[in-house]
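Chains A and B are the protein sequences, given in the same order. Using the numbering used here, you'd call the opening residue of the first sequence number 1 and step up by one each time. Using the numbering used here, you'd call the opening residue of the second sequence number 1 and step up by one each time. Glycine residues also receive a C-beta, built at the ideal position from the N, C-alpha and C atoms.
2 protein chains.
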Amino acid sequence: MKIKFCTQCGSTTELKVPVDDNFERYVCTNCAHTHYLNPRIVCGCIVYKEDKVLLCKRAIKPRMGLWTVPAGFMENGETTRNAAARETQEEANINITTGKLFSISNLPHANQVYFLYLADLGDKSYSVTPESSEIALFSKDDIPWDEIAFHTVKSSLTKYFEGLEDNHESKKNFKLHEVDF
Amino acid sequence: MKIKFCTQCGSTTELKVPVDDNFERYVCTNCAHTHYLNPRIVCGCIVYKEDKVLLCKRAIKPRMGLWTVPAGFMENGETTRNAAARETQEEANINITTGKLFSISNLPHANQVYFLYLADLGDKSYSVTPESSEIALFSKDDIPWDEIAFHTVKSSLTKYFEGLEDNHESKKNFKLHEVDF
Chain A
1 MKIKFCTQCG STTELKVPVD DNFERYVCTN CAHTHYLNPR IVCGCIVYKE DKVLLCKRAI
61 KPRMGLWTVP AGFMENGETT RNAAARETQE EANINITTGK LFSISNLPHA NQVYFLYLAD
121 LGDKSYSVTP ESSEIALFSK DDIPWDEIAF HTVKSSLTKY FEGLEDNHES KKNFKLHEVD
181 F
Chain B
1 MKIKFCTQCG STTELKVPVD DNFERYVCTN CAHTHYLNPR IVCGCIVYKE DKVLLCKRAI
61 KPRMGLWTVP AGFMENGETT RNAAARETQE EANINITTGK LFSISNLPHA NQVYFLYLAD
121 LGDKSYSVTP ESSEIALFSK DDIPWDEIAF HTVKSSLTKY FEGLEDNHES KKNFKLHEVD
181 F
């Protein structure tokens with residue numbers, strides 16, 4: 001995204017490498033304020049119940065109508081775990097407790113880093129929300145694999161089910177998956 | 001940081017909760033552009049050589065004159081590993097290869113998430129840079145513990161040396177430390 005105007009004085013900016021810097025930044029032509037753009041963190045949960053995982057059909061852009069795990073942008077003042085739990089509440093109306101950190105995925109082309117935590121649904125209920133038009137539990141074979149909204153989520157779900165099938169990985173003994181896309 | 005003026009049209013903003021949102025954002029009073037502020041990622045390396053770790057004395061603000069590991073803000077287009085290696089190059093002039101992810105620290109009060117990777121210095125050289133006025137290898141007992149620039153770095157270094165002393169943790173067998181401050 002372009003920073004056309006200075007956030008501090010409203011003057012126009014120019015794209016240049018500031019003194020003592022190695023990257024191009026939007027710098028104010030009036031007050032010289034430097035604007036930094038940095039990657040954002042997406043946090044969410046692989047909510048499971050026995051051999052099934054919970055997916056939400058997106059009621060919002062982008063990728064409306066496709067399925068994903070509850071996840072979204074981390075906010076200021078949160079921890080990654082807080083953010084994953086909040087997104088699960090907002091998207092699936094579940095008051096979840098996050099478990100083990102399952103995957104960290106780097107998406108440098110999108111300027112994003114994904115954190116996905118495992119979370120046991122247990123006997124908790126879930127329900128549709130303004131962000132999710134449909135919510136359901138899917139076993140591996142029932143997942144609409146061609147209708148998963150995000151490549152990184154599809155990859156993490158694949159690794160999750162591979163882990164379940166691996167005799168060495170119980171749900172409590174998953175190793176952290178680090179993936180660079 | 002306040003967003004006083006819109007980045008897209010230069011008009012004044014107001015702080016309010018947009019429709020379909022749960023958080024206060026700076027919203028343009030003219031074009032309604034919404035400005036999001038999100039946590040930033042700091043990436044760096046615990047560079048080790050045998051039983052010592054490499055520390056840099058900061059030549060720049062903040063915490064100028066105090067010691068830290070090479071680390072800094074991740075940039076757009078990078079992976080967390082790329083960022084950790086670049087910062088090590090910029091601050092200590094080492095062309096390092098990152099190893100195992102050692103710690104992820106959440107600092108919600110600072111809106112930051114820290115990634116620290118282990119990295120073996122081997123026979124590589126290091127040298128002072130515009131960002132580091134002094135660079136040295138320290139054993140645990142020689143580290144200037146009261147002059148470490150950042151609390152999260154002190155905590156990770158403490159855990160690193162505890163791990164070394166633990167018979168169950170060799171340098172290649174460190175577990176990931178997840179810490180929320």
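Discussion item. Can you tell me which residues form a DSSP beta bridge with Ser-103(B)?
Written reply: Leu-116(B) and His-177(B)
Worksheet item: For Lys-140(A), which residues of its own chain have a beta-carbon under 6 Å away from its beta-carbon, when the five flanking residues on both sides are left out?
Response: Phe-161
Worksheet entry | Proximity below 8 Å, CB of Asn-93(A) to CB of Tyr-117(A) | no
Practice prompt. Note down, in chain order, every chain A residue with its Cβ under 7 Å from the Cβ of Leu-37(B).
Written response: Asn-76
Fill in: Enclosing alpha helix (DSSP H) for Tyr-160(B) [first to last residue]
151 to 165
Discussion item. Considering Cα atoms alone, identify which of Phe-181(A), Ser-132(A), Leu-176(A) and His-177(A) is closest to Trp-67(A).
Written reply: Ser-132(A)
Discussion item. Do Phe-181(A) and Ser-105(A) count as a contact pair if the criterion is CB distance below 8 Å?
Written reply: yes
Discussion item. Closer than 9 Å between beta carbons: that is the criterion. Which residues of the stretch 11 to 22 of chain B meet it against chain A?
Written reply: Ser-11, Thr-12, Thr-13, Asp-20 and Asn-22
Worksheet item: Should Thr-152(B) go down as buried or exposed, given a rule of 16 or more other Cβ atoms within 10 Å for buried?
Response: buried
Worksheet item: What residues from chain B crowd round Glu-87(A), counting only those whose CB sits closer than 9 Å?
Response: Per Cβ cutoff of 9 Å: no residues; Glu-87(A) is ~11 Å from chain B at best.
Item to complete: Have a look at Leu-137(A) and Lys-49(A) and give me their C-alpha separation to the nearest angstrom.
Response: 8 Å
Worksheet item: Whole beta strand (DSSP E) runs in the stretch 66 to 102 of chain B with 3 or more residues, listed along the chain?
Response: 71 to 73
Item to complete: Confirm, please, whether the CB-CB distance from Cys-45(A) to Ile-3(A) is below 8 Å.
Response: no
Item to complete: Could you check what DSSP says for Glu-147(A) in three-state terms: helix, strand or coil?
Response: helix
Fill in: Inter-residue Cα distance where the pair is Val-128(B) and Asn-111(B)
29 Å
Item to complete: Would you identify the three-state DSSP class for Lys-189(B), choosing helix, strand or coil?
Response: It is not possible to answer for residue 189(B), since the shown part of chain B is limited to 1 through 181.
Practice prompt. Label Phe-5(B) either buried or exposed according to how many other C-beta atoms from any shown protein chain fall within 10 Å of its C-beta, with 16 as the threshold for buried.
Written response: buried
Discussion item. Residues of the stretch 127 to 148 of chain B in Cβ contact with chain A at a cutoff of 8 Å, in chain order, please.
Written reply: Pro-130
Discussion item. On the CB-based measure, 16 or more other CB atoms within 10 Å of its CB, does Val-42(B) come out buried or exposed?
Written reply: buried
Worksheet entry | For Thr-29(A) and Thr-12(A), believed in contact at Cβ under 8 Å, the rounded distance | 5 Å
Discussion item. Taking CB distances under 8 Å as the criterion, tell me whether Glu-24(B) reaches chain D.
Written reply: Going by chain labels, chain D is absent from the structure shown, which instead holds the protein chains A and B.
Discussion item. How far does the beta strand (DSSP E) with Val-42(A) in it extend, from its first residue to its last?
Written reply: 40 to 49
Practice prompt. Specify, as a first and last residue, the run of the beta strand (DSSP E) that Ser-132(A) falls within.
Written response: 132 to 138
Worksheet item: Can you give the Cα-Cα distance for Ile-135(B) and Asp-20(A), rounded to whole angstroms?
Response: 19 Å
Worksheet entry | Residues that Leu-37(B) bridges to, as DSSP identifies them | DSSP, once it has assigned bridges, lists no residue as partnering Leu-37(B).
Worksheet item: If you draw a straight line from the alpha carbon of Asn-22(B) to that of Leu-54(B), how long is it in whole angstroms?
Response: 44 Å
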